[in-house]
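Inspection log for the structure reproduced underneath, given as structure tokens.
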Amino acid sequence: MEPVKVAKQRLEPQASDSLSLVWAKLVALPPRSEKGILGYHFYHVFRSVVQSPFTFIASVLTTTVSFFLLALIIFLFQNIKSAITIGQSDLSMNVYLSDSANELQIEELQAAISKEKSVQSVQLISKEEALESFKKELGPDALLLEGLGNVNPLPVSFQIQFVYSDDLQNVFESFEDRYSRIPFVERVEYGRSMLGRMAKL
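Written as structure tokens, this is what we have:
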């Protein structure tokens, strides 16, 4: 009895199964609805969770911690930047004038300071205004000033606010160097130590 010969199945693609025909069949398939696509994805997610619950929990915890740390860093950075900006904007410079300065010199100096691009505002503080402000700072101890009588030892001054700049320390130093050379300017004061600490941040 002769063995039965089984015909080998041809693996080569038939002429009818050309690439264009296969593509046409795929295009002709009905598209999935949005619910069907969502269901497909939820099914695979649920399947992954069931098969590897510990891996899923670890992934969720890692992502949560990462987002928390990122949000914390952004929050701290914004607060530090805001604090530096507020601190620098609150810094002011006081230019004290000698009693020899006349009214014309004071007006010209105020005009010159106002024209500086780095200056936001300049306020003239008279001797009387300076004395009243000093009394408020002293509070109950202001009675000690009554011994001065009509003598006012406080000078006329300018209080200057500057436009915020990342190079504010150099702006202050340059301003001090130029205006302290004026003969009727007694001294220029500002918070050097505070400005220096802010520049290092």
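Position 124 (the sequence shown) corresponds to 123 in numbering that gives the first Met the number 0; numbering is contiguous. We treat Cβ as the ideally placed atom computed from N, Cα and C, and that holds for glycine.
#1: In whole angstroms, what is the alpha-carbon distance linking L103 and I72?
#2: Does the beta-carbon distance from Y189 to S97 come in below 8 Å?
#3: Going straight from the alpha carbon of N93 to that of D140, what length do you get?
#4: Given this structure, state the Cα-to-Cα distance separating A100 from Q158, to the nearest angstrom.
#5: Could you tell me if P52 is buried or exposed, where buried requires 16 or more neighbouring beta carbons within 10 angstroms of its beta carbon?
#6: Fully enclosed by the region 97–128, which beta strand (DSSP E) runs are 3 residues long or longer?
#7: Quick check on this structure: which residue in S117, L123, Q119, T63 has the alpha carbon closest to the alpha carbon of E107?
#8: Tell me the residue span of the beta strand (DSSP E) that contains R177.
#9: For L143, count neighbouring Cβ atoms within 10 angstroms of its own Cβ and tell me buried if that reaches 16, exposed if not.
#10: Take every Cβ of the region 163–175, pair it with every Cβ of the region 108–117, and state whether three or more of those distances are shorter than 8 Å.
#11: Let's see if you can read the secondary structure: which residues bound the beta strand (DSSP E) around I159?
#12: If we ignore side chains and look at the alpha-carbon of each, how far apart do F183 and G138 end up?
#13: Sort E136, V170, T62, E127 by Cα distance to N149 and report the nearest one.
#14: Find the nearest neighbour of E145 within the set I112, V187, L130, T54, judged by alpha-carbon distance.
#15: Kindly identify the DSSP beta-bridge partner or partners of E188.
#16: Are the Cβ atoms of Y95 and S179 separated by less than 8 Å?
#17: Helix or strand or just coil, what does DSSP make of F133?
Walking through what the data contain:
#1: 54 Å
#2: no
#3: 24 Å
#4: 17 Å
#5: exposed
#6: 118–124
#7: L123
#8: Where R177 is concerned, there is no enclosing beta strand (DSSP E), although the alpha helix (DSSP H) it sits in stretches over 167–178.
#9: exposed
#10: yes
#11: 156–161
#12: 31 Å
#13: E127
#14: L130
#15: N93
#16: no
#17: helix
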